[in-house]
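Encoded as structure tokens, the structure appears first; notes follow it.
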Amino acid sequence: MQQIIEQASMHAFNIVTKISHSGHRNRFSFNQKWQLTLLALTFAAKA
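Under the numbering used here, think of the first position of the sequence shown as 58, with each following residue one higher.
Here it is in structure tokens:
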């Protein structure tokens, strides 16, 4: 289960990273919310 969460977190993080890199002018607050959510998921997976 932990490995699944980590893989899902990394996959989502890669998507967010691609979006942020492909559209530098399209930096919305939801990107920051996504990053905070992914950080929380990562910490939860490591806990």
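Every residue, glycine too, gets a C-beta built ideally from N, C-alpha and C.
Classify residue i as helix, strand or coil using the three-state DSSP reduction.
{"i": "M50", "result": "In the structure displayed, the chain extends from 58 to 104; residue 50 sits before or after that span and is not available."}
Just tell me which of the options has its CA closest to the CA of residue i.
{"i": "W91", "options": "Q60, Q59 and F70", "result": "F70"}
Keeping to the same chain, check which residues put their C-beta closer than 8 Å to that of residue i; ignore five residues upstream and five downstream.
{"i": "V73", "result": "N88, W91, Q92 and L95"}
I need the straight-line Cα distance from residue i to residue j, nearest angstrom please.
{"i": "I62", "j": "F100", "result": "10 Å"}
{"i": "A65", "j": "A97", "result": "13 Å"}
{"i": "M67", "j": "K75", "result": "12 Å"}
Excluding the five sequence neighbours on either side, which residues of its own chain have a C-beta within less than 6 Å of the C-beta of residue i, listed in chain order?
{"i": "A102", "result": "Q59, I62 and E63"}
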